[in-house]
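Residue numbers (the working numbering), protein chains in the order written: chain C, 870 to 981; chain D, 23 to 134. Glycine residues also receive a C-beta, built at the ideal position from the N, C-alpha and C atoms. Contents: one structure, followed by commentary.
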């Protein structure tokens with residue numbers, strides 16, 4: 870069984886640029902959630918997709934957007950990058966809320 | 023406003039002794055609680071969960087206790103091993119296909 874995989878593992882961008890992060894869900898999982906983890910903090914919920922539809926959003930501005938594809942893989946897009954966007958971005962998948970979410974190893978995004 | 027609080031940023035325990043990690047929450051609608059373990063450069067790994075209809079759940083060396091009246095849960099690790107050294111996150115969610123709300127984490131160091 871393949872777990873959750875994220876790409877790339879590290880990324881360096883400058884302010885104002887745009888970035889796309891990718892996630893492949895664990896096999897059979899139809900729900901994917903994205904989290905931002907700043908240094909010294911717990912993961913903060915960005916948004917969730919269920920069967921290609923956005924199914925909830927945290928307190929993040931509209932420049933954070935996402936997609937889920939028919940194979941349940943997902944993208945996180947961030948426009949107009951700001952210095953505070955520097956963080957670890959985590960993707961998690963599950964097939965039911967009563968089942969634990971399984972996380973990928975994350976993408977470390979650094980904004981210069 | 024932090025709905026899930028882990029008030030101890032770090033904890034140091036001798037190998038073979040018990041580790042007790044604590045977590046408090048403020049949202050009385052939370053009905054499902056989880057603990058995740060995180061090693062550096064890896065994503066969070068699910069450890070153990072508990073539903074609000076129970077007050078204890080055990081899995082090998084790991085036991086989670088839930089005190090709903092106090093809005094408090096704890097994770098006990100017995101006996102502690104050096105490989106348990108990691109950051110532990112407490113998380114919770116409300117009914118429905120909802121995202122996890124995380125605490126800031128507690129760094130556990132198990133000393134040989």
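With DSSP as the reference, label residue 105/D as helix, strand or coil.
The answer is helix: DSSP assigns residue 105/D an H, G or I state.
May I have the straight-line CA-CA distance separating residue 110/D from residue 51/D, to the nearest angstrom?
When rounded, the distance between both Cα atoms is 23 Å.
If you check the beta carbons only, do residue 945/C and residue 935/C fall under 7 Å apart?
Cβ distance < 7 Å, so residue 945/C and residue 935/C count as in contact.
Buried versus exposed call for residue 912/C [16 or more other C-beta atoms within 10 Å across all chains shown]:
Buried is the call here.
Under 7 Å between C-beta atoms, does residue 126/D make it to chain C?
Chain C contact via Cβ: present.
Using the beta-carbon of each residue, which ones in chain D are nearer than 9 Å to residue 972/C?
Those within 9 Å of residue 972/C in chain D are 58, 60, 64, 65, 66, 67, 68.
Closer than 8 Å, Cβ to Cβ, to anything on chain D: give me those residues from the stretch 906 to 934 of chain C, in chain order.
Listed in sequence order: 909, 910, 911, 912, 913, 914, 917, 919, 924, 925, 927.
Going by C-alpha distance, which of 965/C, 969/C, 973/C is nearest residue 958/C?
Looking at the Cα atoms, 973/C is the closest of the given residues.
DSSP bridge partner residues for residue 125/D (one or two, in chain order)
Residue pairing of residue 125/D in beta bridges, as defined by DSSP: absent, with no partner found.
7 Å is my cut-off, CB to CB: does residue 959/C come that close to chain D?
For residue 959/C, the answer is yes, since a Cβ of chain D falls inside 7 Å of its Cβ.
Does the Cβ-Cβ distance between residue 33/D and residue 130/D come in under 7 Å?
Contact: yes.
Would residue 875/C be called buried (16 or more neighbouring beta carbons within 10 Å of its own) or exposed?
Classification of residue 875/C: buried, given that the 10 Å Cβ count is 16 or more.
Less than 7 Å between CB atoms is the rule here; does residue 52/D satisfy it with respect to chain C?
With a threshold of 7 Å between beta carbons, residue 52/D makes no contact with chain C.
Within the same chain, show all residues whose beta-carbon is closer than 8 Å to that of residue 30/D, passing over the 5 residues directly before and after it, in chain order.
Closer than 8 Å at the Cβ level, and outside the excluded window around residue 30/D, lie 43, 44, 128.
Out of 26/D, 105/D, 133/D, which one is the CA nearest neighbour of residue 910/C?
The shortest C-alpha separation from residue 910/C is found at 26/D.
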